[in-house]
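Keeping their order, the protein sequence lines are chains A and B.
Taking the numbering used here, the leading residue of the first sequence gets 1, the next gets one more, and so forth.
Taking the numbering used here, the leading residue of the second sequence gets 1, the next gets one more, and so forth.
Where a beta carbon is used, it is the ideal one built from N, C-alpha and C, also for glycine.
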Amino acid sequence: MNKLQALSVIRLVIVLIIPLLLGRAIDAKAETISIGTISSDPVGEIKLFTPFANYLAQELSADGIDEVKIVIASDVRQMVKMLKHHEVDLFIDSSITASIINQLSGSQFMLRRWKKGRGKYRSVIFVTEDSGIKRLDDLKDKVIAFEEPFSTSGYVLPALVILQSGNELYKLQSLRSEPEADKVSYVMAYDNETQMVWLERGRVAAAAMAESDFLEYSNNVLVPLKSLYTTPYVPYHVVVRRPGLEERLVQRIKDVLLVAHEGKQGVEVMMSFEKTTKFDEIPDDLLSEIKKLEQYLGDVTVN
Amino acid sequence: MKLGLRNKILLFTTTLVVSIALSLFSITYYYDQVSTKETSHTRLENLLRRTMLSVENSIFMLDLRELRTVVSDNLQHGSVDIILVLDEKGRVLTDGSRENKLRNKVPVDIPVIEPLLTKKENIKLEGSDYFWIAGPILLPNKENLGFLVFGVDINKFNSVLDNSLRNQLFVLIPALILSVFVAFIFSSRLTRPLKELASVAEEIGDGDFTKRSSHSSKDEIGELSKSINMMADNLSRITVSRDELRVVAERESMLKAQAETANLAKSNFLATMSHEIRTPLNGVLGMAQLLKGSQLDKDQQNKINTILSSGESLLDIINNVLDMSKIESGNFELEVTTFDLPEMVSSLVAPFEVMAIEKGLTIKVQMEMGEVALLKGDKTRLHQVLLNLISNAFKFTDKGDVILTVSHLDPQSSDAFENAACSVQIIVEDTGKGITADRLATIFDPFVQEDTSITRKFGGSGLGLAIVKKIIELMAGSISVTSQEGVGTQFKVLVPFDYPSKDEAKAGRIKNKSILVVHDDNLQILLAEDNQVNAVIAKAFLNKFGHEVEHVVNGSLAVDAVSMRKFDLVLMDVHMPEMDGIEATRNIRKLYSLEDLPIIGLTAEAFTDRHLEFKKSGMNDVLTKPFTEQQLASVLKEYGQTSQNSDLEGVGLSFGENPSQEAAEAEVISGKDKEEGDISPISLYPIGDQSQLDRLSNQLDTSLVHGLLSEAPESILALQIQLHKALKSGDSGEIFAAAHSIRGISSSMFATRLAIEAQVIESKANDLMAVRSLILGFDQTIGQTINWWEEKVAS
Chain A
1 MNKLQALSVI RLVIVLIIPL LLGRAIDAKA ETISIGTISS DPVGEIKLFT
51 PFANYLAQEL SADGIDEVKI VIASDVRQMV KMLKHHEVDL FIDSSITASI
101 INQLSGSQFM LRRWKKGRGK YRSVIFVTED SGIKRLDDLK DKVIAFEEPF
151 STSGYVLPAL VILQSGNELY KLQSLRSEPE ADKVSYVMAY DNETQMVWLE
201 RGRVAAAAMA ESDFLEYSNN VLVPLKSLYT TPYVPYHVVV RRPGLEERLV
251 QRIKDVLLVA HEGKQGVEVM MSFEKTTKFD EIPDDLLSEI KKLEQYLGDV
301 TVN
Chain B
1 MKLGLRNKIL LFTTTLVVSI ALSLFSITYY YDQVSTKETS HTRLENLLRR
51 TMLSVENSIF MLDLRELRTV VSDNLQHGSV DIILVLDEKG RVLTDGSREN
101 KLRNKVPVDI PVIEPLLTKK ENIKLEGSDY FWIAGPILLP NKENLGFLVF
151 GVDINKFNSV LDNSLRNQLF VLIPALILSV FVAFIFSSRL TRPLKELASV
201 AEEIGDGDFT KRSSHSSKDE IGELSKSINM MADNLSRITV SRDELRVVAE
251 RESMLKAQAE TANLAKSNFL ATMSHEIRTP LNGVLGMAQL LKGSQLDKDQ
301 QNKINTILSS GESLLDIINN VLDMSKIESG NFELEVTTFD LPEMVSSLVA
351 PFEVMAIEKG LTIKVQMEMG EVALLKGDKT RLHQVLLNLI SNAFKFTDKG
401 DVILTVSHLD PQSSDAFENA ACSVQIIVED TGKGITADRL ATIFDPFVQE
451 DTSITRKFGG SGLGLAIVKK IIELMAGSIS VTSQEGVGTQ FKVLVPFDYP
501 SKDEAKAGRI KNKSILVVHD DNLQILLAED NQVNAVIAKA FLNKFGHEVE
551 HVVNGSLAVD AVSMRKFDLV LMDVHMPEMD GIEATRNIRK LYSLEDLPII
601 GLTAEAFTDR HLEFKKSGMN DVLTKPFTEQ QLASVLKEYG QTSQNSDLEG
651 VGLSFGENPS QEAAEAEVIS GKDKEEGDIS PISLYPIGDQ SQLDRLSNQL
701 DTSLVHGLLS EAPESILALQ IQLHKALKSG DSGEIFAAAH SIRGISSSMF
751 ATRLAIEAQV IESKANDLMA VRSLILGFDQ TIGQTINWWE EKVAS
């Protein structure tokens with residue numbers, strides 16, 4: 001069984017079994033809301049989300065909400081489907097992924113989540129100093145190493161800016177594949193460190209990753225590197241609501257989440273939820289940057 | 001500290017178990033250490049090789065995620081603490097962590113890196129903290145893709161050993177506890193019955209003989225239990241309790257003390273009685289002796305002779321009793337003088353020759369002394385011993401022989417004394433009735449005689465042989481006896497002696513000679529004596545010697561007399577009223593020194609230490625009463641300053657002596673004129689003793705000796721006529737007197753055989769038949785003697 005087959009089996013199991021485990025997820029009733037995300041580790045995610053879901057249910061109990069369910073989708077497509085079928089009321093993920101989901105399911109941004117204390121982030125496309133590459137166009141006929149297909153900072157965001165620059169992307173099956181002419185060929189390294197090694201040892205012409213990761217690796221490089229292009233800031237994580245979710249409930253949820261970091265219980269619950277420091281409204285500038293990229297989202301292959 | 005049995009068993013067991021465990025543990029630990037290290041190294045080598053295989057593709061592809069996963073997985077496995085994947089230049093690709101702090105650096109601090117990069121081969125190296133193993137990752141074409149480095153914490157090896165140690169201790173400690181516990185149980189099981197037995201034994205020891213052990217196992221403890229019970233059974237049969245025993249012991253102790261007190265009282269009594277008896281007896285015998293020398297008719301002579309004979313026997317018994325009491329009280333002391341042993345034996349045997357003739361026996365003397373003659377020892381006591389033994393032999397022998405053998409033992413002889421200069425063996429054997437075996441064992445015990453009838457038949461105190469044995473033992477000698485009933489008895493005496501020095505030998509020769517007492521120039525003598533009888537005797541002797549005597553009756557008067565005028569010598573009785581002899585002597589010594597005025601003490605006390613005490617008070621010498629005329633003469637000779645003729649040697653006259661003393665002075669036998677060691681019938685004795693005659697001739701004027709020899713035949717012939725007349729008339733007294741006189745003259749004139757024959761007749765004066773049978777030979781001897789004298793005068 002190859003890797004892809006294994007992933008397919010996992011997805012099937014998640015789609016079929018998780019709803020059974022969680023009871024009424026599919027046939028949601030008014031007193032129950034569902035929170036969803038996309039992950040290949042559904043059990044881990046459920047464990048991670050449970051305290052937050054319970055907190056939310058507790059806070060909304062006065063509004064007739066007696067339960068908050070957790071729904072894990074294995075990919076964008078399934079999540080889109082569940083949002084459309086009101087099987088998921090709230091979706092929490094990175095802003096770019098959420099933007100794609102919004103386009104496909106009609107869902108909308110609701111709040112920004114400060115995951116790990118960060119409210120925004122951006123990516124860096126970098127090359128070796130002696131590469132002679134000065135612009136994104138110089139990447140034509142060359143290979144850039146992205147991180148992985150799920151990664152906003154390591155793939156989606158840099159891919160979007162490359163597309164935005166008028167270049168065309170071409171996915172190579174492996175590092176040893178020949179780059180496509182007149183296109184910026186890319187290969188998934190599936191690891192930041194591998195990206196760095198490949199770049200340092202000349203296996204690729206460029207690499208891209210979150211600015212914070214790049215800065216960290218820059219301290220200890222084999223050859224001098226330089227930033228070729230830095231993307232605009234986008235929100236780090238966001239909360240998205242499904243289309244058709246009752247406004248009064250949306251507002252109640254927003255009310256609860258916007259002040260959650262002010263209460264002791266809320267702080268404790270959010271700290272256990274990937275060190276979330278607070279929820280706030282998505283700043284307009286960040287929202288506008290996402291909007292600028294929306295037109296290219298369809299050209300980025302995401303799983 | 002004293003350990004009990006149980007603790008000893010515990011200690012032993014624990015020590016044994018611990019020793020074995022420690023030995024096993026040490027061996028196991030050593031092999032574990034060695035094998036663990038080898039195993040670990042081998043395992044690490046294998047792991048390194050496998051990891052190289054699993055990462056070679058990733059390193060080729062520079063797939064850091066895969067590399068990190070492999071490394072991380074291996075690290076998580078825990079067998080390796082540090083894993084570094086290096087590129088072909090030794091730069092770190094990954095250490096398995098996301099942080100990867102050594103990324104792109106050559107970890108030069110790791111000791112294995114330098115040799116690894118240099119040699120590019122598998123290397124093992126033990127650092128201070130880690131054991132390192134590393135190797136190059138090579139393609140088949142030897143292209144070097146990079147390196148793989150493993151580091152294992154040294155403590156990990158130790159922890160394996162620690163685990164081994166812990167596991168062993170986990171087994172060892174319970175085993176030790178178990179073994180100690182088992183040893184405790186075992187020792188308790190062993191010691192509990194022993195303690196019970198000890199308790200029972202202790203109670204039995206405390207007197208509870210009803211106590212018994214109930215232990216009945218079939219082992220050694222069971223046997224011990226049985227033994228203790230058996231012991232208790234036996235003890236319980238003894239009815240005398242400790243208290244009773246104590247009472248008995250106390251009673252016995254008291255009785256012993258009483259017995260000792262009584263014995264001491266007895267000894268004192270005997271000593272006192274002997275002393276008190278000897279003094280009057282001295283008077284009796286002295287008076288009798290003087291009386292005998294006076295004009296008496298025959299009947300009176302017989303009675304006087306009987307008085308003398310009985311008195312001498314009584315004195316003999318008293319002397320024996322006194323000797324025994326002295327021996328028992330430890331006051332018997334030997335004197336050491338120089339004496340001529342053959343001469344002493346000769347003089348001793350002489351009177352027995354007469355006795356032998358009378359009894360029809362033969363006495364034989366075997367002298368085997370070789371050149372030895374003078375010895376140092378107690379002559380008097382040796383004389384006493386031999387006299388007793390020979391007397392006994394004669395007493396219990398009716399026919400056959402009495403043989404005296406005197407020999408000087410070869411120093412190599414088994415009987416010879418080790419440290420003695422001369423070992424003398426004296427054997428007295430007879431052909432008498434013998435002694436029964438049961439009596440033989442007690443023959444030397446005091447108051448034991450071979451038969452109670454002996455006392456009645458032969459007389460005696462029963463002390464003779466006991467004294468003999470004691471005296472010989474005091475001389476460091478020994479005596480033994482063998483006897484066969486009806487065949488005879490043999491006494492064997494072994495005595496060690498010293499030889500005298502030259503000076504002692506010379507002095508001894510002079511002193512051993514008897515003194516011919518003649519009337520010398522008169523001495524002015526003061527006699528201090530409270531006892532009138534003794535005083536009369538002493539005065540008679542002194543007057544007889546021609547001295548002038550002033551008699552006082554106590555010490556005070558003696559001191560007065562001495563202060564009044566000068567005396568030549570003082571005879572001082574020790575025990576006197578008012579002032580005793582000792583105090584008187586001390587006072588006199590304030591006036592006169594030992595040289596200026598000799599004082600001779602007179603006492604019946606025979607103890608040597610008392611004599612010494614007297615001498616310390618200032619006396620020159622001491623005479624023991626009853627003293628003989630000759631002893632008195634000897635003293636006068638030695639101390640009398642004006643004494644002139646008293647140094648004459650020769651045959652002396654006797655007074656009041658027993659036969660042995662008489663014989664000692666008579667010296668009728670000269671070994672030189674007869675075959676050595678063989679004295680038998682009288683006829684074998686020489687007519688005259690030429691050597692004695694020669695000696696006298698040398699010391700005196702020859703004409704004086706010739707004059708004496710010339711006068712002798714006339715006197716003898718007159719006495720011979722007197723004897724024949726008396727025999728004819730059957731006058732025993734006269735026979736005795738004539739024979740006695742003949743003996744005196746012949747002895748003085750060295751007519752040996754005549755003196756002996758005269759003594760025989762003298763002793764048989766009451767038996768006329770015996771005298772008649774002897775008279776013919778006696779007459780012949782007189783004739784031969786006169787011829788010998790005449791020959792001597794003529795020569």
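Report task. Indicate the three-state DSSP secondary structure (helix, strand or coil) for alanine 758 of chain B in the structure shown. Result -> Locating residue 758 of chain B in the second sequence gives position 758, counting from the first residue. Reduced to three states, the DSSP call for alanine 758 of chain B is helix.
Query raised in the report: If we call anything under 8 Å between Cβ atoms a contact, is aspartate 573 of chain B one with glutamate 529 of chain B?
Result: Your numbering for residue 573 of chain B matches position 573 in the second sequence. Your numbering for residue 529 of chain B matches position 529 in the second sequence. Yes; because the gap between Cβ atoms is below 8 Å, this pair is in contact.
Query raised in the report: So what's lysine 399 of chain B in DSSP terms, helix, strand or just coil?
Result: Counting from 1 along the second sequence, the entry for residue 399 of chain B is found at position 399. Three-state result, lysine 399 of chain B: coil.
Query raised in the report: Under three-state DSSP, which class holds alanine 189 of chain A?
Result: Stepping through the first sequence from its first residue, residue 189 of chain A is reached at position 189. Alanine 189 of chain A: coil per DSSP, three-state reduction.
Report task. Find the residues of chain B that neighbour valine 197 of chain A, judging by a C-beta separation of less than 8 Å, and give them in chain order. Result -> Counting from 1 along the first sequence, the entry for residue 197 of chain A is found at position 197. Residues of chain B passing the Cβ test: Leu62, Leu64 and Leu93.
Report task. Under 8 Å by Cβ, that's how I've got leucine 693 of chain B and valine 793 of chain B pegged, so tell me the actual separation to the nearest angstrom. Result -> Position 693 of the second sequence, counted from the first residue, corresponds to residue 693 of chain B. Position 793 of the second sequence, counted from the first residue, corresponds to residue 793 of chain B. Actually they are not in contact, since the Cβ atoms of leucine 693 of chain B and valine 793 of chain B sit about 11 Å apart, beyond 8 Å.
**Report entry** Length of the line joining the Cα atoms of lysine 134 of chain A and valine 240 of chain A
**Finding:** Within the first sequence, the letter at position 134 stands for residue 134 of chain A. Within the first sequence, the letter at position 240 stands for residue 240 of chain A. Looking at the two C-alpha atoms, the distance is approximately 38 Å.
Query - valine 171 of chain B versus asparagine 229 of chain B: straight-line alpha-carbon distance, rounded - result: Translated into positions along the second sequence, residue 171 of chain B becomes position 171. Translated into positions along the second sequence, residue 229 of chain B becomes position 229. Between valine 171 of chain B and asparagine 229 of chain B, the C-alpha separation is close to 47 Å.
Query raised in the report: Using 8 Å as the limit for Cβ to Cβ distance, is asparagine 104 of chain B near chain A?
Result: Position 104 of the second sequence, counting from 1, holds the residue named residue 104 of chain B. By this cut-off, asparagine 104 of chain B is an interface position.
Query raised in the report: With respect to the alpha helix (DSSP H) encompassing glutamine 780 of chain B, which residues constitute its N-terminal and C-terminal limits?
Result: Position 780 of the second sequence, counted from the start, is the residue given in the question as residue 780 of chain B. It spans 768 to 794 - the alpha helix (DSSP H) in which glutamine 780 of chain B sits, taken as one unbroken run.
Query raised in the report: In angstroms, rounded to a whole number, what distance separates the CA positions of valine 424 of chain B and leucine 375 of chain B?
Result: Here residue 424 of chain B refers to the residue found at position 424 of the second sequence. Here residue 375 of chain B refers to the residue found at position 375 of the second sequence. Their Cα atoms are separated by approximately 10 Å.
Query raised in the report: To which residues of the same chain is alanine 356 of chain B closer than 8 Å at the C-beta, ignoring the five residues directly before and after it?
Result: On the second sequence, residue 356 of chain B is found 356 positions in, with the first residue counted as 1. Cβ within range, chain order: Thr362, Ile363, Phe394 and Val402.
Query raised in the report: When you compare only the Cα positions, how much space is there between valine 88 of chain A and serine 99 of chain A?
Result: The residue given as residue 88 of chain A occupies position 88 in the first sequence. The residue given as residue 99 of chain A occupies position 99 in the first sequence. Distance between the alpha carbons of valine 88 of chain A and serine 99 of chain A: 16 Å.
Query - Rounded straight-line distance, which links the Cα of isoleucine 537 of chain B to that of glycine 656 of chain B - result: As a position in the second sequence, residue 656 of chain B is number 656, starting the count at 1. As a position in the second sequence, residue 537 of chain B is number 537, starting the count at 1. Residue confidence is low: glycine 656 of chain B scores 29 on pLDDT, short of 50, so the model does not pin down where it sits. No coordinate-derived value is stated.
**Report entry** Alpha carbon of isoleucine 282 of chain A to alpha carbon of lysine 291 of chain A, nearest angstrom
**Finding:** As a working note, residue 282 of chain A is residue 282 in the first sequence. As a working note, residue 291 of chain A is residue 291 in the first sequence. So the two alpha carbons sit approximately 12 Å from each other.
Report task. Measure the Cβ-Cβ separation of asparagine 167 of chain A and asparagine 104 of chain B and say whether it is below 8 Å. Result -> Position 167 of the first sequence, counted from the start, is the residue given in the question as residue 167 of chain A. Position 104 of the second sequence, counted from the start, is the residue given in the question as residue 104 of chain B. Cβ distance not < 8 Å, so asparagine 167 of chain A and asparagine 104 of chain B don't count as in contact.
Requested in this report: For arginine 68 of chain B, go through chain A and note every residue whose CB falls closer than 8 Å to its CB, in chain order.
Outcome: Taking the first residue of the second sequence as 1, we reach residue 68 of chain B at position 68. Asp191 and Glu193, listed in chain order.
Query raised in the report: Exposed or buried, glycine 733 of chain B, counting other C-beta atoms within 10 Å across all chains shown (16 or more means buried)?
Result: As a working note, residue 733 of chain B is residue 733 in the second sequence. Buried.
Query raised in the report: Closest by CA to serine 288 of chain A, which one among A:Tyr233, A:Ile33 and A:Leu228?
Result: Looking up residue 288 of chain A in the first sequence gives position 288. Taking only the C-alpha atoms, the option nearest serine 288 of chain A is A:Tyr233.
Query raised in the report: Within the chosen definition, does the region 194 to 210 of chain A reach the region 244 to 262 of chain A through at least 3 CB pairs nearer than 8 Å?
Result: Between the region 194 to 210 of chain A and the region 244 to 262 of chain A there are fewer than three inter-stretch CB-CB distances shorter than 8 Å, so the stretches are not counted as touching.
Query raised in the report: Would you report the Cα separation of valine 622 of chain B and glycine 640 of chain B, rounded to the nearest angstrom?
Result: Locating residue 622 of chain B in the second sequence gives position 622, counting from the first residue. Locating residue 640 of chain B in the second sequence gives position 640, counting from the first residue. Whole-angstrom Cα-Cα distance: 14 Å.
Query raised in the report: Apart from the five residues just before and just after phenylalanine 497 of chain B, which ones in its own chain have a Cβ nearer than 7 Å to its Cβ?
Result: Stepping through the second sequence from its first residue, residue 497 of chain B is reached at position 497. Same-chain partners within the cutoff: Leu375, Lys376, Gly377, Ala420, Ala421, Cys422 and Val424.
Query - Outcome for serine 795 of chain B when other beta-carbon atoms lying within 10 angstroms are tallied against a minimum of 16 - result: Residue numbering aside, residue 795 of chain B sits at position 795 when the second sequence is read from its first letter. So serine 795 of chain B counts as exposed.
Query raised in the report: Would you call the region 216 to 224 of chain B and the region 38 to 50 of chain B in contact, with 3 or more CB pairs under 8 Å?
Result: no
Report task. Just confirm the distance between the C-beta atoms of alanine 145 of chain A and valine 204 of chain A, as a whole number of angstroms; I'd bet it's less than 8 Å. Result -> The residue labelled residue 145 of chain A in the question sits at position 145 within the first sequence. The residue labelled residue 204 of chain A in the question sits at position 204 within the first sequence. Contact holds; Cβ gap of about 4 Å.
Requested in this report: Could you name the residues that DSSP lists as bridge partners for arginine 103 of chain B?
Outcome: Working through the second sequence from its first residue, we reach residue 103 of chain B at position 103. Answer is B:Val92.
Query raised in the report: Taking Cβ positions only, does asparagine 100 of chain B come closer than 8 Å to chain A?
Result: Position 100 of the second sequence, counted from the start, is the residue given in the question as residue 100 of chain B. Taking Cβ atoms only, chain A reaches closer than 8 Å to asparagine 100 of chain B, which makes this a yes.
Report task. Measure the alpha-carbon distance for isoleucine 566 of chain B versus histidine 611 of chain B and round it to whole angstroms. Result -> Counted from its first residue, the second sequence places residue 566 of chain B at position 566. Counted from its first residue, the second sequence places residue 611 of chain B at position 611. In the sequence on display, residue 566 of chain B carries lysine and not isoleucine. Each residue's alpha carbon lies about 26 Å from the other.
Query raised in the report: Between glutamate 762 of chain B and alanine 726 of chain B, is the Cβ-Cβ spacing less than 8 Å?
Result: If you number the second sequence from 1, residue 762 of chain B lands on position 762. If you number the second sequence from 1, residue 726 of chain B lands on position 726. Their beta carbons are not under 8 Å apart, which means glutamate 762 of chain B does not touch alanine 726 of chain B by this criterion.
Requested in this report: Classify proline 136 of chain B as buried or exposed, calling it buried when 16 or more other Cβ atoms lie within 10 Å of its own Cβ.
Outcome: One-based indexing of the second sequence puts residue 136 of chain B at position 136. Its Cβ being crowded by 16 or more others within 10 Å, proline 136 of chain B is buried.
Report task. With phenylalanine 150 of chain B as the anchor, note down where its beta strand (DSSP E) starts and where it stops. Result -> Reading the second sequence from its first residue, position 150 is the one you call residue 150 of chain B. First-last of the beta strand (DSSP E) with phenylalanine 150 of chain B: 144 to 153.
Query - CB contact below 8 Å: valine 187 of chain A versus chain B - result: Taking the first residue of the first sequence as position 1, residue 187 of chain A is located at position 187. Not an interface residue.
Report task. At 8 Å on the CB atoms, spell out the chain B contacts of valine 221 of chain A, in chain order. Result -> For the purposes of this step, residue 221 of chain A is taken as the residue at position 221 of the first sequence. In chain order: Asn104.
Requested in this report: Leaving aside the five residues before and after serine 307 of chain A along the sequence, list all residues of the same chain whose C-beta is less than 7 Å from its C-beta, in chain order.
Outcome: Shown here, chain A extends from 1 to 303; a query on residue 307 of chain A therefore has no answer.
Query raised in the report: Exposed or buried, which one is asparagine 227 of chain A when buried takes at least 16 other CB atoms within 10 Å?
Result: Position 227 of the first sequence, counted from the start, is the residue given in the question as residue 227 of chain A. As written in the sequence, residue 227 of chain A is serine, which differs from the asparagine given in the question. It counts as exposed.
Query raised in the report: Under 7 Å Cβ-Cβ, which residues of chain B neighbour leucine 225 of chain A?
Result: On the first sequence, position 225 is the one that residue 225 of chain A refers to. Those within 7 Å of leucine 225 of chain A in chain B number zero; the least Cβ separation is about 12 Å.
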